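Peer 1: Numbering (this note's numbering), first residue to last: 53 to 591.
Below: one structure in structure tokens.
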Amino acid sequence: MQGSDVLCLEELSHTSFLATSNVIADEREATGGTGSAEVEDRYEDGEQSVSVTDGARSLRQVIDLLGASTESFSAAQLATTVLGITVESSKVSNGFIFVALPGEHTHGAHFVPDALSRGAIALITDEEGERISGLQIPMVKIKKVREMVGALSSFVYGDPSTSMQVVAVTGTNGKTTVTSLLEYFWNRSGISAGVIGTLGARFYTEGKLVSLPSARTTPESCELQAELALMRDAGVKAVAMEVSSHALSLHRVDGIHFKLALFTNLSQDHLDFHHTMEEYFLAKSKLFTSIFSECALINVDDSYGKRLFADCEISSVSISSAVGDWQLSLSNLELTSPSGKRHIFESPLVGDFNQMNAAMALVAFAQTGGNIDEGIELLRSFPGVPGRLERVGNGAPLILVDYAHTPDAVTRVLASLRSHTSGRIIAVLGCGGDRDPLKRPEMGRALQEGADIAIATSDNPRSEDPAAILAAMCGENFNGSQILDRREAISYAISQATDVDLVLIAGKGHEQGQEVDGVITPFDDREVALEILAKRGRS
Numbered sequence: 053m054q055g056s057d058v059l060c061l062e063e064l065s066h067t068s069f070l071a072t073s074n075v076i077a078d079e080r081e082a083t084g085g086t087g088s089a090e091v092e093d094r095y096e097d098g099e100q101s102v103s104v105t106d107g108a109r110s111l112r113q114v115i116d117l118l119g120a121s122t123e124s125f126s127a128a129q130l131a132t133t134v135l136g137i138t139v140e141s142s143k144v145s146n147g148f149i150f151v152a153l154p155g156e157h158t159h160g161a162h163f164v165p166d167a168l169s170r171g172a173i174a175l176i177t178d179e180e181g182e183r184i185s186g187l188q189i190p191m192v193k194i195k196k197v198r199e200m201v202g203a204l205s206s207f208v209y210g211d212p213s214t215s216m217q218v219v220a221v222t223g224t225n226g227k228t229t230v231t232s233l234l235e236y237f238w239n240r241s242g243i244s245a246g247v248i249g250t251l252g253a254r255f256y257t258e259g260k261l262v263s264l265p266s267a268r269t270t271p272e273s274c275e276l277q278a279e280l281a282l283m284r285d286a287g288v289k290a291v292a293m294e295v296s297s298h299a300l301s302l303h304r305v306d307g308i309h310f311k312l313a314l315f316t317n318l319s320q321d322h323l324d325f326h327h328t329m330e331e332y333f334l335a336k337s338k339l340f341t342s343i344f345s346e347c348a349l350i351n352v353d354d355s356y357g358k359r360l361f362a363d364c365e366i367s368s369v370s371i372s373s374a375v376g377d378w379q380l381s382l383s384n385l386e387l388t389s390p391s392g393k394r395h396i397f398e399s400p401l402v403g404d405f406n407q408m409n410a411a412m413a414l415v416a417f418a419q420t421g422g423n424i425d426e427g428i429e430l431l432r433s434f435p436g437v438p439g440r441l442e443r444v445g446n447g448a449p450l451i452l453v454d455y456a457h458t459p460d461a462v463t464r465v466l467a468s469l470r471s472h473t474s475g476r477i478i479a480v481l482g483c484g485g486d487r488d489p490l491k492r493p494e495m496g497r498a499l500q501e502g503a504d505i506a507i508a509t510s511d512n513p514r515s516e517d518p519a520a521i522l523a524a525m526c527g528e529n530f531n532g533s534q535i536l537d538r539r540e541a542i543s544y545a546i547s548q549a550t551d552v553d554l555v556l557i558a559g560k561g562h563e564q565g566q567e568v569d570g571v572i573t574p575f576d577d578r579e580v581a582l583e584i585l586a587k588r589g590r591s
């Protein structure tokens, strides 16, 4: 190591950094550089290793992008090829840059030894990270690491979003359904497509499905850019991506170019992070600027959608069940285009909210080169989304598992199910720990008002006391059952159901674990319900 190998970048405008990244990208395009990536032939613990090959970046180029001096690095160090970048030491491979971010509980610099042992060639971190790391690795120090890492990752992986049509979907509810529909329309119509979101990332290469798990709705920027690079190199032409408010606030989608951005709705959630609905809305609104997106499709049935549409600085069209550029008649499922052309569709989805999701996916399909009539035909055979009003078992009673975990989503899904049963609605619901505590009484109220038999239970209590969460959810006047053990709650719900009743198990949807005190125990509502049915001699 030459000298201290530390570069100090005291002030760097985030906007100017993005602009610099775009200029370099333009220069590379002009000279024919592709910056494509390949997947190494190994998948360990479900994690992919992505390495840049064509148009590979040197460490010098990365430092130049940051606008920092290279004086403290040797020529050999600067000539080193950067094969990847990550904020997780466990995902470092030979030739990777490790970005050490300040975290909620610990600083990433504590994991520098692990990153070094895995082949990291350089560290990008802040002043605290420099102090913690103890100069064990060639380093670039900057003040606002998180604000830079998105565009930097895009540069390292060859700006993959510019090679595909990437559509962003944001909103409190509906993101997974809309992105899944859009991916389905694209793939079935011959447009090679991928999706990134709550269910992970997936795409096809040479006819084989590649599925990459994710712990977040929108992954960290390094992981996100790597996944986009994998898709680009597999020949994917279009990507549907769920974009969370956390991702926008924490710069995870910086450096991504979105062809189209969709807004579904906004209701109470994540106030443990955003504190107020206004902050939550403003976080979502960032997506609808020219920094990120070319154009927008906005649901103006939602009050926040109306506000967003009125103030939107990019080209935008509205969709509404009342008055909008695109109009959806919920009574007969007729979608009318801005030119007045009418499209009637049949939908396998349940609920008015899902018909709006379907309509938005159809419009997005049309705006990205698809034929809306073809999309309407494809919609009829859409298989559904895991954990979104997913049916469990084939007999009676009808049992559905859903991800509804906000007051608005619970209210809407329970209301939508009334027309699907001649009997009672029996609903099981819990509230997650270490998440917005303000919504808990609202969740209990939505459960009690929407179900004939309301059963409150636990749902990923995490570090909190499950009994305390349940008490906050139910209050003193809860007119239902409180069963702390989720398995027992599901069993009780099924035991109370007659053949004409409907059982809704809500909150966890597709999730396959229950988190308690940092330990995730296998738990899948669908599997649990099937086990209980089997014990009762039902299927």
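In this text, a Cβ means the ideal position worked out from N, Cα and C, and glycines have one as well.
The structure presented is a predicted model; accordingly, all values stated were derived computationally and were not measured.
#1: Less than 7 Å between the beta carbons of E294 and G249, yes or no?
#2: From the DSSP output, which residues share a beta bridge with S263?
#3: In this structure, how does DSSP classify R514 when only helix, strand and coil are distinguished?
#4: Between A223 and L334, how many whole angstroms is the CB-CB distance? I'm expecting something under 8 Å.
#5: Going by DSSP, name the residue or residues bridged to L175.
#6: Please check the pair T177 and A203, which I expect to be a contact at CB under 8 Å, by giving their CB distance rounded to whole angstroms.
#7: So A558 and V437 are supposed to be a Cβ contact under 8 Å. How far apart are they, rounded?
#8: Starting from P574, trace the beta strand (DSSP E) both ways and give me its first and last residue.
#9: Check L385 in the structure and name its three-state DSSP category.
#10: Taking only the alpha-carbon atoms, compute the straight-line gap between V415 and H322 and give it to the nearest angstrom.
#11: What three-state label does DSSP hand S370 in the structure shown?
#12: The beta strand (DSSP E) with T122 in it runs from where to where?
#13: Are the stretch 541-551 and the stretch 427-442 touching by the rule of at least three beta carbon pairs closer than 8 Å?
#14: Using a Cβ-Cβ cut-off of 8 Å (strictly less than) and excluding sequence neighbours within five positions of K491, which residues of its own chain qualify?
#15: Does DSSP put A508 in a helix, a strand or coil?
#16: Count the other CB atoms within 10 Å of the CB of V375; is the residue buried (16 or more) or exposed (fewer)?
#17: Identify the continuous alpha helix (DSSP H) that holds H326 and give its terminal residues.
#18: For H159 versus I189, is the C-beta spacing smaller than 7 Å?
#19: Per DSSP, D454 forms a beta bridge with which residues?
#20: If you compare alpha carbons, which of E272, P513, S213 is closest to M283?
#21: Helix, strand or coil: which one does DSSP assign to M53?
#22: One question on the structure: do A545 and V444 come within less than 7 Å of each other, judged by their Cβ atoms?
#23: Let's test the definition: count the other Cβ atoms within 10 Å of the Cβ of N423 and tell me whether it reaches 16, buried, or not, exposed.
#24: Which runs of the alpha helix (DSSP H) fall wholly inside the stretch 293-358 and span at least 4 residues, in chain order?
#25: State yes or no: is the beta carbon of T463 nearer than 7 Å to at least one beta carbon in chain B?
#26: Check E442 in the structure and name its three-state DSSP category.
#27: So what does DSSP say about R470, is it helix, strand or coil?
#28: Could you check what DSSP says for I542 in three-state terms: helix, strand or coil?
#29: Three Cβ pairs or more, each shorter than 8 Å: is that satisfied between the stretch 351-368 and the stretch 515-525?
#30: Any idea which residues DSSP pairs S533 with across the strands?
#31: Does DSSP put T222 in a helix, in a strand, or in coil?
#32: Quick check: T138 and C274, are their CB atoms within less than 7 Å of each other?
#33: Suppose contacts are defined by Cβ-Cβ distances below 7 Å. Is T231 in contact with V218 by that definition?
#34: Report, in whole angstroms, the separation of the C-beta atoms of L339 and A313, which I expect to be a contact under 8 Å.
#35: Can you name the start and end residues of the alpha helix (DSSP H) that G496 belongs to?
#36: Cα separation between I507 and S471?
Peer 2: So, from the listed chains and residues:
#1: As a first step, residue 294 is located in the sequence shown; it is residue number 242 there, counting from the start. As a first step, residue 249 is located in the sequence shown; it is residue number 197 there, counting from the start. A contact, by the Cβ cut-off of 7 Å.
#2: The residue you call residue 263 lines up with position 211 of the sequence shown. Answer by DSSP bridge pairing, in chain order: R254.
#3: Position 462 of the sequence shown holds residue 514. Strand, per DSSP.
#4: As a first step, residue 223 must be located in the sequence shown, where it is residue number 171. As a first step, residue 334 must be located in the sequence shown, where it is residue number 282. Before going on, a small fix: residue 223 reads as Gly here, not Ala. Actually they are not in contact, since the Cβ atoms of G223 and L334 sit about 14 Å apart, beyond 8 Å.
#5: Taking the sequence shown and counting its residues from 1, the one referred to as residue 175 is at position 123. Paired residue(s): F150, M191.
#6: For the purposes of this step, residue 177 is taken as residue 125 along the sequence shown, with counting starting at 1. For the purposes of this step, residue 203 is taken as residue 151 along the sequence shown, with counting starting at 1. Going by Cβ atoms, the distance from T177 to A203 rounds to 17 Å, so no, they are not a contact pair.
#7: One-based indexing of the sequence shown puts residue 558 at position 506. One-based indexing of the sequence shown puts residue 437 at position 385. Not a contact, Cβ separation roughly 15 Å.
#8: Within the sequence shown, numbered from 1, the residue matching residue 574 stands at position 522. Where P574 is concerned, the enclosing beta strand (DSSP E) stretches over 571-574.
#9: Working through the sequence shown from its first residue, we reach residue 385 at position 333. L385: coil per DSSP, three-state reduction.
#10: Here residue 415 corresponds to residue number 363 of the sequence shown, with the count starting at 1. Here residue 322 corresponds to residue number 270 of the sequence shown, with the count starting at 1. Computed Cα separation, rounded: 28 Å.
#11: Start at 1 with the first residue of the sequence shown, and residue 370 comes out as number 318. DSSP places S370 in strand when its eight states are reduced to three.
#12: Within the sequence shown, residue 122 is the residue found at index 70, counting from 1. Where T122 is concerned, there is no enclosing beta strand (DSSP E), given that its DSSP letter is neither H nor E.
#13: no
#14: As a position in the sequence shown, residue 491 is number 439, starting the count at 1. Excluding residues within five positions, the ones whose Cβ falls inside 8 Å are Q320, D321, L323, T458, P459, C483.
#15: Taking the first residue of the sequence shown as position 1, residue 508 is located at position 456. If DSSP states are grouped into helix, strand and coil, A508 belongs with the strands.
#16: As a first step, residue 375 is located in the sequence shown; it is residue number 323 there, counting from the start. Exposed, because fewer than 16 other Cβ atoms sit within 10 Å of the Cβ of V375.
#17: Counted from its first residue, the sequence shown places residue 326 at position 274. Looking at the DSSP string, the run of the alpha helix (DSSP H) that includes H326 is 323-326.
#18: Indexing the sequence shown from 1 puts residue 159 at position 107. Indexing the sequence shown from 1 puts residue 189 at position 137. Cβ atoms of H159 and I189: not closer than 7 Å.
#19: Residue numbering aside, residue 454 sits at position 402 when the sequence shown is read from its first letter. For D454, which the question treats as bridged, DSSP gives the partners A558.
#20: Numbered from its first residue, the sequence shown carries residue 283 at position 231. Nearest C-alpha to M283: S213.
#21: Here residue 53 refers to the residue found at position 1 when the sequence shown is read from its first residue. Legend: pLDDT at M53 = 33, less than 50; position of this residue unreliable, no value from coordinates given.
#22: One-based indexing of the sequence shown puts residue 545 at position 493. One-based indexing of the sequence shown puts residue 444 at position 392. Against a cut-off of 7 Å, the Cβ pair of V444 and A545 comes out as no contact.
#23: Counted from its first residue, the sequence shown places residue 423 at position 371. Exposed, since its Cβ has fewer than 16 Cβ neighbours within 10 Å.
#24: 297-301, 323-326, 329-337
#25: The displayed structure is made up of one protein chain only, and chain B is not part of it.
#26: Translated into the one-based positions of the sequence shown, residue 442 becomes position 390. Strand.
#27: Numbered from 1 along the sequence shown, position 418 holds the residue referred to as residue 470. Note: R470 maps to helix in three-state DSSP.
#28: By one-based count along the sequence shown, residue 542 stands at place 490. I542 falls in the helix class under three-state DSSP.
#29: no
#30: For this step, residue 533 is matched to residue 481 along the sequence shown. Answer is I507.
#31: For this step, residue 222 is matched to residue 170 along the sequence shown. It is a strand residue.
#32: Here residue 138 is taken as the residue at index 86 of the sequence shown, counted from 1. Here residue 274 is taken as the residue at index 222 of the sequence shown, counted from 1. For T138 and C274, yes; Cβs fall inside 7 Å.
#33: The sequence position of residue 231 within the sequence shown is 179, counting from 1. The sequence position of residue 218 within the sequence shown is 166, counting from 1. No, the Cβ-Cβ distance between T231 and V218 is not below 7 Å.
#34: As a first step, residue 339 must be located in the sequence shown, where it is residue number 287. As a first step, residue 313 must be located in the sequence shown, where it is residue number 261. About 5 Å separates the two Cβ atoms, so the contact holds.
#35: For this step, residue 496 is matched to residue 444 along the sequence shown. Segment 492-502, the alpha helix (DSSP H) holding G496.
#36: For the purposes of this step, residue 507 is taken as residue 455 along the sequence shown, with counting starting at 1. For the purposes of this step, residue 471 is taken as residue 419 along the sequence shown, with counting starting at 1. Approximately 21 Å between the Cα atoms of the pair.
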